[in-house]
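Our numbering puts the sequence shown at residues 1 to 219.
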Amino acid sequence: MADSQGISAFPMPPMNYVNNYTDENIKRGKAPLPPPPIQDSYSMFGAQFTSDDTIIRPLEASGCRRLYPHNYDHKRELKKLNHSILVNFLDLLDVLIRAPESPKRTEKLEDLNLLFINIHHLINEFRPHQARETLRVMLELQRTKRTEIAQKFQEHYDKVLDLIHSAINAIPEDVTIDSTLLTESETLGQAEDIKSEAMDMEACDSLDTMMCKIVDEMT
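Quick look at the structure:
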């Protein structure tokens with residue numbers, strides 16, 4: 001059962017057809033256009049249909065007799081048909097008990113068949129309403145989920161702002177420098193100056209020595 005649930009009800013389109021709809025072909029206008037809508041009649045499941053047909057075709061179009069008036073209340077007619085099915089089923093059981101070979105058995109079966117066709121047709125008339133209701137519920141669920149996600153993002157955004165404001169408020173306005181640190185930094189600066197002066201003196205002494213040697217050799 002788990003394997004059958006993972007299989008799509010519709011086959012994948014041919015790859016030769018899919019490859020024609022690349023991003024480059026769509027930008028260049030080379031992608032094939034969709035087929036034009038059907039204007040005339042067409043055949044589906046052995047029945048002939050036209051583009052002007054209603055979604056729910058009347059019973060007379062399929063050759064069945066209507067057992068309820070054209071202006072009717074769905075709820076009332078469904079109850080009546082359900083009651084008629086129960087009564088005819090009990091009559092059929094009575095015929096099967098008393099006279100199984102009687103022609104009334106076939107008559108009751110035909111009556112039950114017609115009753116079921118009529119009650120199914122009334123139920124099918126609710127399919128468009130069911131589709132709209134299903135779509136409405138689906139859109140409401142999507143809106144609710146997106147609203148919840150937006151609220152969570154807003155809550156996290158508010159928390160981040162609070163953390164930033166609390167960190168800014170925690171910084172003191174008057175920053176005082178420790179005198180010990182200032183003394184140590186001054187001492188280190190003086191030591192660096194002394195060291196650099198000593199290095200300069202050593203460089204000067206070496207130059208003076210070289211000049212003296214050159215002068216002695218010349219004389």
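C-beta atoms are modelled at their ideal positions from N, C-alpha and C, and glycine is treated no differently. Owing to the predicted nature of the structure, the values given are computational and were not obtained by experimental measurement.
query	result
Alpha carbon to alpha carbon, how far is D52 from H70?	21 Å
Thinking K108 and N82 are a contact (beta carbons under 8 Å), I'd like their distance in whole angstroms, please.	Not quite, the Cβ-Cβ distance comes to about 17 Å (not below 8 Å), so this is no contact.
Looking at the structure shown, is M44 part of a helix, part of a strand, or coil, going by DSSP?	strand
Quick check on F49: does DSSP put it in helix, strand or coil?	strand
If you reduce the DSSP assignment to three classes, tell me which class F10 lands in.	coil
First and last residue of the alpha helix (DSSP H) that includes S166?	127 to 170
What are the start and end residues of the alpha helix (DSSP H) that includes Y17?	15 to 18
Mapping DSSP to helix, strand and coil, what is N71?	coil
Is I225 buried or exposed, if buried means 16 or more other CB atoms sit within 10 Å of its CB?	What is shown of the chain runs 1 to 219, which leaves residue 225 out entirely.
Would you be able to state if there are at least three C-beta pairs under 8 Å between the stretch 109 to 118 and the stretch 58 to 70?	yes
Can you grab the Cα-Cα spacing for the pair F126 / L135, in whole Å?	14 Å
Assign L33 to one of three DSSP states: helix, strand, or coil.	coil
Which value, in whole angstroms, describes the spacing of the CA atoms of L96 and P34?	58 Å
Three-state secondary structure (DSSP) at E110?	helix
Let me confirm a value: D111 is counted as buried when at least 16 other C-beta atoms fall within 10 Å, else exposed. Which label applies?	buried
Grab the span of the alpha helix (DSSP H) containing R28 for me, first residue to last.	23 to 28
For E101, name the three-state secondary structure that DSSP assigns.	coil
Quick check: H121 and L59, are their CB atoms within less than 7 Å of each other?	yes
Any idea what DSSP makes of R65, helix, strand or coil?	coil
Between T54 and S41, how many whole angstroms is the CB-CB distance? I'm expecting something under 8 Å.	The pair is not a contact, with the Cβ atoms about 15 Å apart (cut-off 8 Å).
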